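Worksheet: one structure, shown below.
In my numbering, the protein residues as written are 3 to 752.
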């Protein structure tokens with residue numbers, strides 16, 4: 003046994019995806035960072051020890067253009083490439099490699115924080131150190147730093163240093179939340195164990211152990227959907243402990259959950275109700291996946307209204323899109339639904355003030371212990387959202403050191419810089435324009451070889467689709483939409499009602515406000531083009547939704563793939579999981595994209611549009627927000643396509659940052675709950691080169707060249723001998739499958 007002291011700039015405790023993202027973000031900004039995890043693998047509930055799939059703002063495809071970018075986006079794409087089968091063991095190494103790749107980051111696995119040193123009165127605490135015990139190695143380590151991040155989930159560090167926190171459900175009147183109980187109650191979302199099965203190809207018996215629960219004596223067979231082919235996170239509803247103390251009673255909860263899994267398996271194998279003769283039980287988790295415990299009190303408490311009303315914040319540093327997802331305290335023994343969900347109509351912001359302690363001046367937090375009510379926490383708690391918060395907290399910690407500021411002082415004086423730093427890293431932000439004074443591209447004239455000007459779909463290979471439900475065509479509009487041509491056929495002469503709707507908030511993709519209605523005649527017979535007046539001229543770039551009202555006599559025609567910046571909506575209530583009760587009041591669930599995802603109604607919009615013009619690549623939004631915010635080349639053009647920046651006077655730059663389109667509407671789930679066949683996303687640019695014109699030369703000089711690119715964010719340092727430049731050009735030779743080159747951001751940093 004030995005004792006050591008480790009000093010660093012930033013200490014992150016907790017190796018789930020929030021802690022991993024926080025530590026990686028801080029290390030990438032040059033900070034000496036330590037990441038402490040009490041398990042042998044990283045990833046928390048997503049690791050091979052627990053095996054929960056990583057959900058986030060996409061909400062299993064319910065939210066639109068909502069997949070996270072930044073560090074969790076990197077992890078998603080890398081897992082898609084390395085791990086197409088969704089093996090949780092492979093996912094462990096995707097996460098581990100991301101951490102070990104950072105030279106400024108030191109990792110301590112199997113290290114449990116057992117003590118902490120803090121000082122100051124109750125309302126002004128300050129952390130000096132945390133102490134960890136490394137199992138197996140018998141090492142006691144004192145970790146010292148100016149700043150600490152509690153990403154433990156349960157909030158262990160905050161508890162040890164005296165940070166204020168909440169437990170259970172707030173009463174309705176405290177925050178005015180209509181989903182809260184009338185009176186506060188100490189109840190939680192429960193914990194879960196999962197299991198995996200395997201078909202071994204020949205009959206195999208199962209003799210239940212004595213600890214297996216007879217589930218026929220419980221409400222489970224009647225109130226939950228049990229299928230022999232399901233395993234893993236399909237059984238998220240095996241949940242219990244909400245009426246106990248999630249931490250104090252962890253062992254009791256684990257034993258109960260395991261007994262029920264064994265009982266469910268006994269029921270599947272031996273009741274005679276399932277086709278399961280050749281199935282065997284391959285794996286059972288032994289580490290409960292916790293959903294909820296301490297929630298620290300920050301300078302802002304995220305509320306139900308912030309989620310549902312999509313409150314904008316001037317310190318928004320991450321976003322979520324998961325539903326307010328509340329589970330009964332009785333868990334799997336409840337007779338009602340396993341969960342009740344309520345969606346916002348688009349993604350919602352999470353403010354920086356919810357990511358630091360109100361009474362500990364050098365403690366930040368990220369993950370499921372952030373400052374939120376129980377109701378709002380139900381939407382913010384999923385792992386990709388936690389990871390987005392983690393990246394924000396890690397960047398904030400680094401800036402606190404830069405400015406010798408507390409997190410509160412960072413909010414008061416430097417929150418704009420925080421958001422610009424996150425945007426530069428392509429983190430998960432919405433509605434933040436590029437105002438970075440160090441991005442020289444903002445001063446440049448932007449031109450391109452070609453641009454996709456006519457928004458629409460080619461009719462080749464289109465198939466008919468009877469219009470038995472209302473359909474919506476999402477079209478980016480800038481500066482104006484006048485007409486939409488539709489490829490239609492009809493069983494008999496009839497009429498079609500076509501409406502133009504605006505979406506409300508720029509991040510939303512739902513028909514919110516009716517702008518115009520037209521009724522057109524449709525002739526009987528074979529397909530033909532029908533022109534419809536669809537006037538819409540917003541003040542700035544926006545999405546319009548062209549709604550085609552149902553008429554079973556009419557056929558639209560569908561083609562793939564979707565043009566850039568477009569989506570297809572279907573007017574129906576869509577619910578994949580019968581164990582869930584979904585609140586149907588919101589527009590999002592009544593206009594899903596999933597039924598026709600990846601397919602487009604064949605249409606042509608007029609006049610020509612600037613929605614995908616070259617200058618969109620320097621706007622800074624980095625994701626769809628009132629439009630696609632990208633440049634797209636003309637898909638009919640041949641040969642290499644280029645995007646060019648020219649300056650009136652030569653500039654001196656240090657690096658070029660590129661952000662390519664990776665279809666953030668596509669859910670990428672670590673265990674492939676919704677699986678995409680593409681290991682590399684086809685929208686990404688594959689082969690490209692960067693060229694510059696120096697102040698002293700008339701010849702283009704290649705400063706970077708890449709082949710087989712599969713990443714969204716690429717950073718290229720300029721050679722030291724380049725000197726001042728008067729132009730920069732990105733030349734795209736090939737994509738990973740898309741017909742057009744797509745570039746979201748072209749930044750030249752001083």
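Note that CB positions come from ideal geometry on N, CA and C, so glycine has one too.
Predicted, not measured: the structure shown is a model, and the values here were computed from it.
* C-beta neighbour in chain B for residue 584, strict 8 Å -> Note that chain B does not occur in the displayed structure, where there is just one protein chain.
* residue 262 to residue 291, Cα distance in whole Å? -> Here the question's residue 262 lines up with position 260 in the chain shown. Here the question's residue 291 lines up with position 289 in the chain shown. So the two alpha carbons sit approximately 15 Å from each other.
* **Touch test, the stretch 373-384 against the stretch 289-305, Cβ-Cβ under 8 Å, three pairs minimum** => yes
* Could you pull out every residue in the same chain whose Cβ sits closer than 6 Å to the Cβ of residue 267, ignoring the five residues on either side in sequence? => Indexing the chain shown from 1 puts residue 267 at position 265. Closer than 6 Å at Cβ, skipping near neighbours: 283.
* Please report how far the alpha carbon of residue 474 lies from the alpha carbon of residue 310, in whole angstroms. => To locate residue 474, count along the chain shown from 1; it is residue 472. To locate residue 310, count along the chain shown from 1; it is residue 308. So the two alpha carbons sit approximately 23 Å from each other.
* Distance, Cα to Cα, residue 425 vs residue 401? -> The sequence position of residue 425 within the chain shown is 423, counting from 1. The sequence position of residue 401 within the chain shown is 399, counting from 1. Cα to Cα, residue 425 sits roughly 14 Å from residue 401.
* How is residue 24 classed by DSSP in three states: helix, strand or coil? -> Translated into the one-based positions of the chain shown, residue 24 becomes position 22. Reduced to three states, the DSSP call for residue 24 is helix.
* To do: Specify the secondary structure class of residue 152 as computed by DSSP and reduced to three states.
  => The residue labelled residue 152 in the question sits at position 150 within the chain shown. Three-state result, residue 152: strand.
* In DSSP terms, what residue 481 is bridged to -> As a working mapping, residue 481 is identified with position 479 in the chain shown. BP columns for residue 481 are empty, so no partner.
* To do: Using alpha carbons as the reference points, say which of 423, 372, 360 lies closest to residue 293.
  => Walking along the chain shown from the start, residue 293 turns up at place 291. When the alpha-carbon of residue 293 is set against those of 423, 372, 360, the nearest one is in 372.
* Taking residue 128 as the reference, give the member of 409, 342, 324, 646 with the closest Cα. => Here residue 128 corresponds to residue number 126 of the chain shown, with the count starting at 1. Checked all of 409, 342, 324, 646; the closest Cα to residue 128 is 409.
* Buried/exposed call for residue 239, threshold 16 Cβ in 10 Å -> Counting from one through the chain shown, the residue named residue 239 turns up at place 237. Residue 239 should be labelled buried.
* residue 579 - partner residues in DSSP beta bridges -> Counting from 1 along the chain shown, the entry for residue 579 is found at position 577. Bridge partners of residue 579: none, in fact.
* Of all the alpha helix (DSSP H) runs that stay within the bounds of the stretch 628-657, which reach a length of 4 or more residues? -> none
* To do: Inspect the CB distances between the stretch 61-81 and the stretch 666-674 and report whether three or more fall short of 8 Å.
  => yes
* With contact counted as at least three CB pairs below 8 Å, one residue from each stretch, are the stretch 105-115 and the stretch 45-62 in contact? -> no
* To do: Would you mind stating whether residue 322 and residue 358 have Cβ atoms separated by less than 8 Å?
  => Locating residue 322 in the chain shown gives position 320, counting from the first residue. Locating residue 358 in the chain shown gives position 356, counting from the first residue. Note that the C-beta distance between residue 322 and residue 358 is not below 8 Å.
* **Cβ shell of residue 328 (< 6 Å), same chain only, five flanking positions each side left out** => Here residue 328 refers to the residue found at position 326 when the chain shown is read from its first residue. For residue 328, where only same-chain residues beyond five positions count, the Cβ hits under 6 Å are 342, 380.
* Asked: So, helix, strand or coil for residue 491, using DSSP?
  -> Reading the chain shown from its first residue, position 489 is the one you call residue 491. Residue state, collapsed to three classes: strand.
* With 16 other Cβ atoms within 10 Å as the buried cut-off, status of residue 557 -> The residue labelled residue 557 in the question sits at position 555 within the chain shown. With 16 or more Cβ atoms within 10 Å of its Cβ, residue 557 is classed as buried.
* Asked: Any idea what DSSP makes of residue 593, helix, strand or coil?
  -> Translated into positions along the chain shown, residue 593 becomes position 591. In the structure shown, residue 593 sits in coil (DSSP, three-state: anything other than H, G, I, E or B).
* In terms of alpha-carbon separation, which member of 8, 17, 189, 199 lies closest to residue 143? -> Position 141 of the chain shown, counted from the start, is the residue given in the question as residue 143. The option with the nearest alpha carbon to residue 143 is 8.
* Does the pairing of the stretch 460-480 with the stretch 427-447 give three or more beta-carbon distances under 8 Å? -> The stretch 460-480 vs the stretch 427-447: no contact.
* To do: State the CB to CB distance for the pair residue 59 and residue 386, rounded to an integer number of angstroms; the pair is presumed to be in contact (CB under 8 Å).
  => Position 57 of the chain shown holds residue 59. Position 384 of the chain shown holds residue 386. Confirmed, about 7 Å.
* Measure the C-alpha to C-alpha separation of residue 44 and residue 22 and round it to an integer number of angstroms. => To locate residue 44, count along the chain shown from 1; it is residue 42. To locate residue 22, count along the chain shown from 1; it is residue 20. Approximately 8 Å, taken between the alpha carbons.
* **Residue of 121, 683, 632, 734 minimising C-alpha distance to residue 362** => Within the chain shown, the letter at position 360 stands for residue 362. Of the candidates 121, 683, 632, 734, the one whose C-alpha sits nearest the C-alpha of residue 362 is 121.
* 8 Å Cβ shell around residue 338 - same chain, five flanking residues per side excluded -> Working through the chain shown from its first residue, we reach residue 338 at position 336. The answer, listed in chain order, is 225, 330, 583.
* Per DSSP, what kind of secondary structure is residue 181 in: helix, strand or coil? -> Here the question's residue 181 lines up with position 179 in the chain shown. The three-state secondary structure of residue 181, taken from DSSP, is coil.
* **Among 606, 686, 57, 313, the one whose alpha carbon lies nearest that of residue 711** => Residue mapping note: residue 711 aligns to position 709 of the chain shown, counting from 1. The option with the nearest alpha carbon to residue 711 is 686.
* Asked: Any idea which residues DSSP pairs residue 75 with across the strands?
  -> Counted from its first residue, the chain shown places residue 75 at position 73. None; residue 75 has no bridge partner.
* Three-way DSSP call (helix, strand, coil) for residue 87 in this model -> If you number the chain shown from 1, residue 87 lands on position 85. Looking at residue 87 - three-state DSSP - the assignment turns out to be coil, as it is neither helix nor strand.
* To do: Can you say whether residue 185 is buried or exposed, counting buried as having 16 or more other CB atoms within 10 angstroms of its CB?
  => Mapped onto the chain shown, residue 185 falls at position 183. Residue 185 is exposed by the Cβ-count criterion.
* For residue 271 and residue 280, the rounded distance between their alpha carbons -> Taking the first residue of the chain shown as 1, we reach residue 280 at position 278. Taking the first residue of the chain shown as 1, we reach residue 271 at position 269. When rounded, the separation of the alpha-carbon atoms in residue 280 and residue 271 is 9 Å.
* Buried/exposed call for residue 193, threshold 16 Cβ in 10 Å -> Locating residue 193 in the chain shown gives position 191, where the first residue counts as 1. Per the 10 Å Cβ criterion, buried.
* Asked: Pick from 269, 134, 428: whose alpha carbon is nearest that of residue 162?
  -> Here the question's residue 162 lines up with position 160 in the chain shown. Looking at the Cα atoms, 134 is the closest of the given residues.
* Asked: So, helix, strand or coil for residue 120, using DSSP?
  -> Along the chain shown, one-based indexing puts residue 120 at 118. If DSSP states are grouped into helix, strand and coil, residue 120 belongs with the strands.
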